[in-house]
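Quick notes on the structure that follows.
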Amino acid sequence: MLYDPLKSTGVTPDLPRPDSYWASTHTPASYAPPDSDIHTRFAVIGAGYTGLSAALELAESGEDVTVVDAHDIGFGCAGRNGGFVLKGTGRYSLSAIAEKWNTDIALRMRDEFNYAVDLLKSRVKQYAIDCDMQAGPYLKIAHNAKSAITLETAQKHNRSTFDSDETFVNADALRDHLNIQHAFGGVIQPGLALHPLKLVDGYASACHQRGVRIVTHTPITGISDTGGKFQLHTDSHKISAEKLIIASNAYTPKVLHPCVDKRQFPVQSSIIVTAPLTEAQRNATGLNRPMMMMDTRMMKYYYRVLPDGRLLFGGRGAVSASERGDAASRLRLEKAMQYSFPALHNISTEYFWNGWVSVALDNLPRIMTDKERKIGYAMGYCGSGVSFAALAGKRLAQKMLGTPVDTRLPVYHDHLPEYPFSGMRRIALRALYAWAKVAE
Ligand SMILES: Cc1cc2nc3c(=O)[nH]c(=O)nc-3n(C[C@H](O)[C@H](O)[C@H](O)COP(=O)(O)OP(=O)(O)OC[C@H]3O[C@@H](n4cnc5c(N)ncnc54)[C@H](O)[C@@H]3O)c2cc1C
């Protein structure tokens, strides 16, 4: 049984857990469904990074909070992602933000992105979350000569304008770091990666310690607002709340609430994990220590060396959920990995799984509430949320509590735009994938 947000009615508790490397190396704590009706001041829909982080912030401020998930904690992207801790979100680089808005906004966004990583690290420390943090080089790799020039120009601009710690290396110098084929240069900076399922488990445990009620296996099938209170529709007990946070991201059902309906587009990303590399394979590829890589293709490949010496390799998945699409995605990833690292031509793929990424129409997530601060949401991270989604949850909680956040920043300023012709989104995505194949 496969979940497809645009075809299924919503996440249900009987869906299988992803057969991921993360799930095979960690079993998160389990939380029960409700055993009686719940009235809470804040209800949060979704137990991923956004929802749990919002709940933690609210609980740390002394609020009564209930987090509800349709499945287990981390059933969505939070338990399935690549574990890259990125300084950014959405699809805008800092230069692109400066171009669309201005340099001052880009500098403020940079500070916010840096703060997201600091927040992650400080919570990991404060709540003693063991999530296999790995520091190592993060390489952005040019897949053609034109991209190498673009990377080099951007690196100079990022250093002078944004004080970044990036270094450009040409194709020869890149091979000192990595024996990768069909690469034309790259940018290197310090990187960080982790075990995403352990992280979400740690956030849930921190919430639990702070008195947050976490209920799982309880899909919210509808929301009504009666007498100043939200009634969350479930198949079992009644849940009512004075305030509501929607943190269901790409896993949001097609129809949940007008503030999120048709305002994001779920797009699949797929991951393979190989057997541990042999010493010969490590020597031949240079994949012999913690390192993270992402290329410059329109449909990017991202890969990293895991603590036990396996290679995680990810990229775009199928347009809709199907076993045939999965088989094609797995093969595409294997071929792409072998194209870059021919020495891995006979390595076995031991894990394959997918997840749904939430894409905003204008490539920028939003963290917003209504005017009365009764309902809020955060989503649309476009595949970059390990650090930012947790900051988004914190900022959303602050907004709901009336604590000022910097609304000059576009992510906090206005609502997610609605997709026009939302029924056509997949036709457009198919066309984009076909075009990207030709363009690359
Ligand atoms: C394959 C893949 C690789 C990625 N790699 C990276 C990476 O390396 N680095 C990075 O920064 N980002 C990455 N991302 C993106 C990142 O994982 C997400 O941005 C982030 O996890 C979003 O967290 P979230 O809490 O908002 O949403 P989610 O973790 O998706 O949580 C949403 C939750 O809502 C629940 N839910 C949905 N509907 C309902 C309902 N009706 N009732 C109750 N509960 C409901 C779901 O069960 C789910 O648990 C990746 C994503 C994918 C899919």
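All the letters of the sequence shown, read from the start, carry residue numbers 15 to 454 under my numbering. Glycine is no exception: its CB is placed at the ideal position from the N, C-alpha and C atoms.
Quick one: using the 10 Å Cβ neighbour count with 16 as the cut-off for buried, is residue i buried or exposed?
{"i": "Lys460", "result": "Outside the shown range of the chain (15 to 454) lies residue 460, about which nothing can therefore be said."}
{"i": "Leu410", "result": "buried"}
{"i": "Phe435", "result": "exposed"}
{"i": "Ile441", "result": "exposed"}
{"i": "Leu430", "result": "buried"}
{"i": "His271", "result": "buried"}
{"i": "Arg422", "result": "exposed"}
{"i": "Gln169", "result": "buried"}
{"i": "Gly241", "result": "exposed"}
{"i": "Glu454", "result": "exposed"}
{"i": "Val269", "result": "exposed"}
{"i": "Ala448", "result": "exposed"}
{"i": "Arg439", "result": "buried"}
{"i": "Gln295", "result": "buried"}
{"i": "Asp309", "result": "buried"}
{"i": "Lys154", "result": "buried"}
{"i": "Gln278", "result": "buried"}
{"i": "Pro42", "result": "buried"}
{"i": "Asn263", "result": "buried"}
{"i": "Ser343", "result": "buried"}
{"i": "Glu126", "result": "buried"}
Between residue i and residue j, how many whole angstroms is the CB-CB distance? I'm expecting something under 8 Å.
{"i": "Tyr141", "j": "Gly62", "result": "That belief does not hold up - the Cβ atoms of Tyr141 and Gly62 are roughly 17 Å apart, past 8 Å."}
{"i": "Gln195", "j": "Ser354", "result": "6 Å"}
{"i": "Ser401", "j": "Val131", "result": "5 Å"}
{"i": "Ala156", "j": "Ala149", "result": "Not quite, the Cβ-Cβ distance comes to about 24 Å (not below 8 Å), so this is no contact."}
{"i": "Gly300", "j": "Asn193", "result": "4 Å"}
{"i": "Val14", "j": "Leu325", "result": "One cannot answer for residue 14 here, as it falls past the ends of the chain, which runs 15 to 454."}
{"i": "Pro19", "j": "Thr266", "result": "7 Å"}
{"i": "Arg94", "j": "Pro32", "result": "5 Å"}
{"i": "Arg122", "j": "Asp428", "result": "Rounded, the Cβ-Cβ distance is 16 Å, inconsistent with contact."}
{"i": "Ile52", "j": "Leu258", "result": "Not a contact, Cβ separation roughly 13 Å."}
{"i": "Ala57", "j": "Ile253", "result": "6 Å"}
{"i": "Pro48", "j": "His251", "result": "5 Å"}
Determine whether the beta carbon atoms of residue i and residue j lie at a separation below 8 Å.
{"i": "Ala404", "j": "Ile381", "result": "no"}
{"i": "Tyr152", "j": "Pro233", "result": "no"}
{"i": "Arg387", "j": "Lys408", "result": "no"}
{"i": "Lys212", "j": "Cys145", "result": "yes"}
{"i": "Gly97", "j": "Pro210", "result": "yes"}
{"i": "Gly328", "j": "Ser362", "result": "no"}
{"i": "Val425", "j": "Pro379", "result": "yes"}
{"i": "Met147", "j": "Leu72", "result": "no"}
{"i": "Arg124", "j": "Leu108", "result": "yes"}
{"i": "Ile87", "j": "Thr248", "result": "no"}
{"i": "Thr117", "j": "Thr175", "result": "yes"}
{"i": "Ile286", "j": "Glu348", "result": "yes"}
{"i": "Leu443", "j": "Val274", "result": "no"}
{"i": "Leu358", "j": "Met351", "result": "yes"}
{"i": "Ile59", "j": "Val25", "result": "no"}
{"i": "Gly331", "j": "Asn368", "result": "yes"}
{"i": "Leu29", "j": "Tyr45", "result": "no"}
{"i": "Ser460", "j": "Tyr315", "result": "The requested residue 460 does not occur in the structure, where the chain is confined to residues 15 to 454."}
{"i": "Cys456", "j": "Leu66", "result": "In this structure the chain extends from 15 to 454, so residue 456 is not present and cannot be described."}
{"i": "Phe182", "j": "Leu165", "result": "yes"}
{"i": "Ala185", "j": "Ala197", "result": "yes"}
{"i": "Glu432", "j": "Arg224", "result": "no"}
{"i": "Ala450", "j": "Met307", "result": "no"}
{"i": "Thr103", "j": "Tyr395", "result": "yes"}
{"i": "Thr64", "j": "Ala261", "result": "yes"}
{"i": "Ala69", "j": "Val226", "result": "yes"}
{"i": "Arg173", "j": "Glu180", "result": "yes"}
Can you check DSSP and say which residues form a bridge with residue i?
{"i": "Asp239", "result": "Phe244"}
{"i": "Ser254", "result": "His53 and Gln245"}
{"i": "Thr363", "result": "Thr288"}
{"i": "Thr383", "result": "Gly390"}
{"i": "Gln282", "result": "Trp370"}
{"i": "Phe327", "result": "Ile286 and Tyr317"}
{"i": "Met308", "result": "Lys154 and Tyr316"}
{"i": "Arg444", "result": "According to DSSP, Arg444 bridges with nothing at all."}
{"i": "Tyr395", "result": "Val373"}
{"i": "Phe98", "result": "Ala207"}
{"i": "Thr80", "result": "Ala57 and Arg227"}
{"i": "Ile259", "result": "Val58 and Gly390"}
Counting only beta-carbon atoms, is residue i nearer than 8 Å to chain C?
{"i": "Ala156", "result": "As a matter of chain content, chain C is missing from the structure shown, which is built from one protein chain."}
Self-check item: Within the region 149-211, ranges of the beta strand (DSSP E) (whole runs, at least 3 residues)
Solution: 181-184 and 199-207
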